[in-house]
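Here is the structure we will look at.
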Amino acid sequence: MIVLDTISPDTLHEAKAPKYRLVSDALRTDIDRGVLMPGQQLPPVRDLAFQLGVTPGTIARAYSVLTEAGYLTAGVGRGTFVADQTTRSTKTSGFTPYVHPSDGAVVSLLSPRLPDVGQVAMMREGMVTLAEQFSDEAFLRYPSQLTEAATVSAYAGQLQNAPIGPFSEADIVLSNGGQNGVVLIMQTVLTGAEPVVLVDELAYSGFVRGAELCRAKVVGVPWDASGPDAVAFEALVREHGPQMFCTSAEISNPLVRTTTSERRAEIARIAQYHGVHVLDDDCYRLRDHRGPSYRALIPDLGWHVASPSKSFSPALRIGFIVAPLGWAERLQRSASFASFAVSRFATDLYAFLAGHPDMRAVRDRLLEWMRRDVQTIVNSLGKYHVAWDPQVPFVWLDLPEGWRAGEFCQAAEAAGVLLKSAEDFALRDSRRVHGVRLALNGMLEGDQLVGALDALRELLDRPPQRISV
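In UniProt numbering, the protein residues as written are 1 to 469.
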């Protein structure tokens with residue numbers, strides 16, 4: 001029998017934190033204390049769920065979190081066991097073994113996870129090479145714009161054919177990832193006690209969190225088939241007087257839509273007339289551009305943000321901002337005040353990788369993986385309304401009538417599949433959208449993805465009575 005000294009059914013139901021997190025924290029504590037010993041088998045998901053009065057999905061998610069962190073091990077048909085803690089700190093694999101929900105694990109389709117198709121070896125090679133090349137002083141000094149110069153040049157070379165308008169290397173500012181870049185731009189642009197930021201009605205949550213961090217009020221812009229609704233956009237601009245609009249013209253997250261060139265021109269015209277900055281997040285694009293960036297359309301107000309997190313590895317914490325004409329110096333000050341500069345361990349590694357002879361092959365293999373898994377999802381769920389692109393690592397599923405997004409995600413979790421609902425991307429006061437995002441997980445094998453999709457299709461085909469409308 002499992003011992004949970006720090007948790008009970010009463011504390012679970014009274015707590016405001018997610019229940020899976022409370023369970024995983026309690027198990028972690030018992031493992032650290034030696035209450036649960038290496039090799040000890042944990043109860044099946046359904047048994048522990050019954051003991052604690054929670055859903056099986058809650059326990060499955062807690063087990064999955066601890067498996068990924070190296071506290072537990074799991075295998076199909078074997079169950080879940082406490083891992084050997086002497087090896088936990090050196091664990092390097094991000095692979096969470098798939099186990100059928102009744103055996104104790106869960107398939108996570110929450111956020112895109114890239115498979116290793118050669119980039120790990122490239123990064124190891126680069127780190128060893130740089131460690132040998134760095135002088136002793138390089139290990140003991142702050143980074144600076146000077147140490148970023150080679151990386152800026154490498155990125156500028158990649159942008160030569162990109163439709164982002166005229167730029168020089170002086171217009172490029174580095175950040176600690178794409179999200180950090182979004183926040184730096186907001187810190188540079190937003191002024192006043194309560195600035196207003198417009199975002200896509202269903203949008204990357206980093207836009208909202210960044211705006212809230214910068215004390216801004218956030219207002220959603222509805223979309224139609226062509227992109228942000230231009231009429232609604234202009235009406236919101238006149239009503240709220242926003243200083244910035246955050247969008248993703250190439251690949252909207254989560255809807256997998258691209259703003260048409262014509263609609264970008266309309267939005268740019270309105271933004272130019274009212275002096276609204278447009279932040280164009282380009283982090284998910286792996287294919288060629290399908291239209292001009294807002295920076296090309298409004299060079300004095302358009303911001304272009306990108307990073308290798310979604311196209312190579314999220315461990316490489318570096319982002320790139322191409323500032324509007326005349327804004328780079330102000331943005332650079334914001335970046336310098338925040339962290340001096342990006343660490344050389346990231347900048348020099350990026351420059352090394354950008355020139356690596358295997359880079360194109362790795363990119364091609366990532367695109368092939370993406371195409372294959374997207375096709376697997378479409379083949380399984382294609383009779384429903386699915387939005388997809390073979391070069392985008394997630395798929396959007398509009399739920400059939402009768403399903404609510406939050407309830408569908410709860411049912412999917414109980415079946416052992418984790419998804420993000422429309423509610424994860426919507427503003428608090430926005431209209432309700434009933435859809436879910438399925439992100440590709442490169443740590444799964446093909447049959448594991450198929451098993452998860454079978455479970456989702458069964459839910460879609462035969463919704464439980466308790467969540468039908």
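Even glycine gets a Cβ: it sits at the ideal position worked out from N, Cα and C.
All figures in this text were calculated on a predicted structure; none of them were measured in a lab.
Nearest by alpha-carbon distance to residue i: which of the options is it?
i, options, result
"residue 108", "426, 462, 448 and 458", "448"
"residue 70", "57, 201, 232 and 84", "84"
"residue 163", "365, 297 and 410", "297"
"residue 241", "263, 192 and 258", "192"
"residue 260", "243, 294 and 277", "294"
"residue 339", "323, 358, 318 and 353", "318"
"residue 120", "201, 359 and 249", "359"
"residue 106", "136, 140, 150 and 55", "55"
"residue 350", "181, 45, 438 and 154", "154"
"residue 47", "435, 59, 205 and 380", "59"
"residue 304", "175, 67 and 151", "175"
"residue 273", "129, 233 and 249", "233"
"residue 143", "438, 172 and 341", "341"
"residue 113", "428, 406, 310 and 453", "310"
"residue 29", "72, 140 and 51", "72"
"residue 300", "306, 314, 291 and 275", "275"
"residue 321", "224, 268 and 156", "156"
"residue 326", "39, 167 and 337", "167"
Would you kindly work out how many angstroms separate the C-alpha atoms of residue i and residue j, rounded to a whole number?
i, j, result
"residue 266", "residue 230", "7 Å"
"residue 389", "residue 289", "14 Å"
"residue 387", "residue 421", "15 Å"
"residue 49", "residue 80", "14 Å"
"residue 392", "residue 378", "13 Å"
"residue 457", "residue 125", "43 Å"
"residue 31", "residue 441", "28 Å"
"residue 118", "residue 238", "50 Å"
"residue 263", "residue 281", "16 Å"
"residue 3", "residue 413", "At residue 3, the pLDDT of 48 sits below 50, so the modelled position is not reliable and the matter cannot be decided from this model."
"residue 455", "residue 407", "15 Å"
"residue 134", "residue 316", "19 Å"
"residue 12", "residue 435", "29 Å"
"residue 127", "residue 42", "39 Å"
"residue 110", "residue 439", "6 Å"
"residue 146", "residue 68", "38 Å"
"residue 357", "residue 375", "29 Å"
Note down, in chain order, each residue of its chain lying with its Cβ closer than 7 Å to the Cβ of residue i, except the 5 sequence neighbours on either side.
i, result
"residue 490", "The structure shown does not extend to residue 490, since the chain is modelled only from 1 to 469, so the question has no answer here."
"residue 18", "none"
"residue 469", "Residue confidence for residue 469 is low, a pLDDT of 42 falling below 50, so the modelled location carries little weight; the figure read from the coordinates is stated next. Only 402 meet the Cβ criterion."
"residue 367", "286 and 391"
"residue 177", "307, 309, 317, 318 and 319"
Which first and last residues belong to the alpha helix (DSSP H) in which residue i is found?
i, result
"residue 347", "344 to 354"
"residue 296", "294 to 297"
"residue 387", "No alpha helix (DSSP H) contains residue 387, which is instead part of the beta strand (DSSP E) from 385 to 387."
"residue 406", "405 to 414"
Starting from residue i, trace the beta strand (DSSP E) in both directions and tell me its first and last residue.
i, result
"residue 306", "302 to 306"
"residue 175", "172 to 175"
"residue 439", "435 to 439"
"residue 396", "394 to 398"
Flag this pair as yes or no: are the beta carbons of residue i and residue j separated by less than 8 Å?
i, j, result
"residue 62", "residue 35", "no"
"residue 183", "residue 210", "yes"
"residue 426", "residue 202", "yes"
"residue 347", "residue 137", "no"
"residue 429", "residue 323", "no"
"residue 437", "residue 453", "no"
"residue 221", "residue 236", "yes"
"residue 405", "residue 423", "yes"
"residue 208", "residue 245", "no"
"residue 332", "residue 152", "no"
Which residues in the same chain as residue i place their Cβ atom closer than 8 Å to its Cβ, once the five residues preceding and following it in sequence are excluded?
i, result
"residue 462", "none"
"residue 362", "117, 118, 119, 122 and 312"
"residue 212", "218"
Under 6 Å Cβ to Cβ from residue i, same chain only, skipping five residues before and after it: list those, please.
i, result
"residue 194", "217"
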